[in-house]
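Taking it in order: structure first as structure tokens, then the write-up.
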């Protein structure tokens with residue numbers, strides 16, 4: 001793929017990350033301000049499970065995961081590929097980062113889905 | 123009160139020396155020279171060579187900031203030796219070294235091959251869709267003053283290589299195309315007579331292309347001709363992004379301003395009178 005598209009996407013996901021990360025902070029770290037709930041209460045397992053049952057939360061967290069992973073790993077690739085690498089190592093780095101990203105995305109999606117489908121008391 | 127930037131005095135020149143035939147590593151040579159107001163570093167080097175160190179090597183030609191041959195690392199800044207007045211540096215010790223980010227051929231001579239290779243890679247010429255017109259032109263190509271102005275500063279590049287010497291990204295990533303080549307890629311791609319952006323993509327739309335620029339801006343500070351390559355890189359990014367999503371400028375082939383026969387006639391009309399002696 002043209003580097004322009006990869007780079008443009010890495011810039012385009014920034015507003016998505018800003019909005020979704022802001023929402024994550026509001027829910028998790030500023031619960032007393034936005035929900036009148038203590039931070040400890042917001043982080044309790046039962047509260048998280050309750051929140052995780054929302055379809056909106058499921059979609060938004062998977063979107064945040066994808067956006068943050070892409071942005072972060074594109075940046076990491078940029079740092080690593082500035083090193084004097086052989087063409088073979090360049091391919092290894094690219095393939096390694098894609099594999100790592102997909103693995104983390106799959107794992108994060110699984111955790112989010114697990115929370116969504118968790119049966120309370122069951 | 124004496125002005126240090128005009129008062130003639132003795133200046134110590136520390137010049138980095140390296141002869142690949144006899145030296146294992148570069149070393150510094152120290153020379154003293156009485157410098158007068160207006161003397162450039164290049165003139166000082168010529169005088170040192172004539173009077174003190176005949177083996178000293180550097181590259182220079184025009185002596186007036188046009189050819190771009192005499193780029194050197196003067197007092198730790200990439201500058202043209204012919205445009206840098208010694209007293210204006212304001213120091214009693216002046217260091218002169220070859221340009222960094224290039225291999226050192228000898229003494230103050232850098233190997234500019236990477237600069238030339240990167241420059242050639244971006245196809246720095248007008249690429250027309252109409253090959254017949256290019257090979258056998260029948261008219262002049264239309265370019266309005268506004269269209270010319272939009273690329274004007276980037277046409278002033280003299281390929282001196284100072285921008286690559288100043289670039290921190292080139293220092294760490296030798297494959298980075300660098301400010302000179304990227305500015306020229308923009309200069310030609312933005313030219314209304316050019317239709318070659320897609321021909322250049324293979325060379326510029328890469329990891330080591332414009333997106334690798336760290337936005338230090340050192341290239342623009344170093345340029346002796348007032349070109350702003352850092353700005354050109356940002357404009358090139360915009361051009362590439364718009365092109366990648368299908369919003370690039372649609373260019374047709376060349377537009378002609380007048381038939382070639384009329385151009386020849388116009389030139390003849392304004393020809394100077396015949397010589398009298």
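Chains as they are written, first to last, in our numbering: chain A, 1 to 122; chain B, 123 to 399. Even glycine gets a Cβ: it sits at the ideal position worked out from N, Cα and C.
Whole angstroms are fine: how far does the CA of residue j sit from the CA of residue i?
i: residue 328(B); j: residue 241(B); result: 15 Å
i: residue 85(A); j: residue 36(A); result: 53 Å
i: residue 174(B); j: residue 234(B); result: 28 Å
i: residue 112(A); j: residue 12(A); result: 24 Å
i: residue 280(B); j: residue 193(B); result: 11 Å
i: residue 128(B); j: residue 209(B); result: 6 Å
i: residue 40(A); j: residue 117(A); result: 23 Å
i: residue 103(A); j: residue 90(A); result: 20 Å
i: residue 32(A); j: residue 38(A); result: 5 Å
i: residue 416(B); j: residue 202(B); result: What the structure shows of chain B is the stretch from 123 to 399, and residue 416(B) is not part of that stretch, so it cannot be assessed.
i: residue 24(A); j: residue 76(A); result: 23 Å
i: residue 93(A); j: residue 288(B); result: 29 Å
i: residue 44(A); j: residue 62(A); result: 21 Å
i: residue 145(B); j: residue 171(B); result: 19 Å
i: residue 179(B); j: residue 249(B); result: 39 Å
i: residue 54(A); j: residue 34(A); result: 18 Å
i: residue 8(A); j: residue 2(A); result: 10 Å
i: residue 73(A); j: residue 101(A); result: 7 Å
i: residue 368(B); j: residue 360(B); result: 12 Å
i: residue 363(B); j: residue 330(B); result: 16 Å
i: residue 133(B); j: residue 169(B); result: 13 Å
i: residue 220(B); j: residue 293(B); result: 14 Å
i: residue 166(B); j: residue 358(B); result: 40 Å
i: residue 65(A); j: residue 58(A); result: 11 Å
Is there a Cβ from chain A that is less than 8 Å from the Cβ of residue i?
i: residue 131(B); result: no
i: residue 323(B); result: yes
i: residue 369(B); result: no
i: residue 333(B); result: yes
i: residue 329(B); result: yes
i: residue 366(B); result: yes
With 16 as the cutoff for other CB atoms within 10 Å, does residue i come out buried or exposed?
i: residue 50(A); result: exposed
i: residue 313(B); result: buried
i: residue 247(B); result: exposed
i: residue 318(B); result: buried
i: residue 290(B); result: exposed
i: residue 137(B); result: buried
i: residue 177(B); result: exposed
i: residue 232(B); result: buried
i: residue 196(B); result: buried
i: residue 123(B); result: In this predicted model, residue 123(B) has a pLDDT of only 47, less than 50, meaning its place in the structure is not dependable; the value taken from the coordinates is given anyway. Exposed, because fewer than 16 other Cβ atoms sit within 10 Å of the Cβ of residue 123(B).
i: residue 214(B); result: exposed
i: residue 398(B); result: exposed
i: residue 266(B); result: exposed
i: residue 79(A); result: exposed
i: residue 191(B); result: buried
i: residue 107(A); result: exposed
i: residue 228(B); result: buried
i: residue 253(B); result: exposed
i: residue 344(B); result: buried
Please name the residue in the options whose C-alpha comes closest to that of residue i.
i: residue 274(B); options: 172(B), 309(B), 264(B), 198(B); result: 309(B)
i: residue 135(B); options: 147(B), 144(B), 162(B); result: 162(B)
i: residue 277(B); options: 168(B), 360(B), 354(B); result: 354(B)
i: residue 199(B); options: 315(B), 386(B), 222(B); result: 222(B)
i: residue 20(A); options: 103(A), 96(A), 115(A), 56(A); result: 56(A)
i: residue 211(B); options: 341(B), 323(B), 159(B), 366(B); result: 159(B)
i: residue 164(B); options: 361(B), 347(B), 293(B), 183(B); result: 183(B)
i: residue 285(B); options: 300(B), 359(B), 296(B); result: 300(B)
i: residue 256(B); options: 334(B), 315(B), 217(B), 397(B); result: 315(B)
i: residue 224(B); options: 326(B), 238(B), 214(B), 213(B); result: 238(B)
i: residue 181(B); options: 150(B), 272(B), 282(B); result: 282(B)
i: residue 261(B); options: 125(B), 133(B), 388(B), 131(B); result: 388(B)
i: residue 296(B); options: 88(A), 81(A), 115(A), 101(A); result: 81(A)
i: residue 151(B); options: 191(B), 131(B), 230(B), 320(B); result: 230(B)
i: residue 342(B); options: 321(B), 302(B), 243(B), 370(B); result: 302(B)
i: residue 142(B); options: 185(B), 217(B), 324(B), 226(B); result: 226(B)
Let me see if you follow: with CB-CB separation under 8 Å, is residue i close to chain B or not?
i: residue 4(A); result: yes
i: residue 7(A); result: yes
Interface positions of the segment 38-71 of chain A facing chain B (Cβ-Cβ less than 7 Å), listed along the chain: none
Against chain A: residues of the segment 335-363 of chain B by CB proximity under 7 Å: 362, 363
Against chain E: residues of the segment 289-313 of chain B by CB proximity under 7 Å: Annotation note: the requested chain E is absent from the structure, which comprises protein chains A and B.
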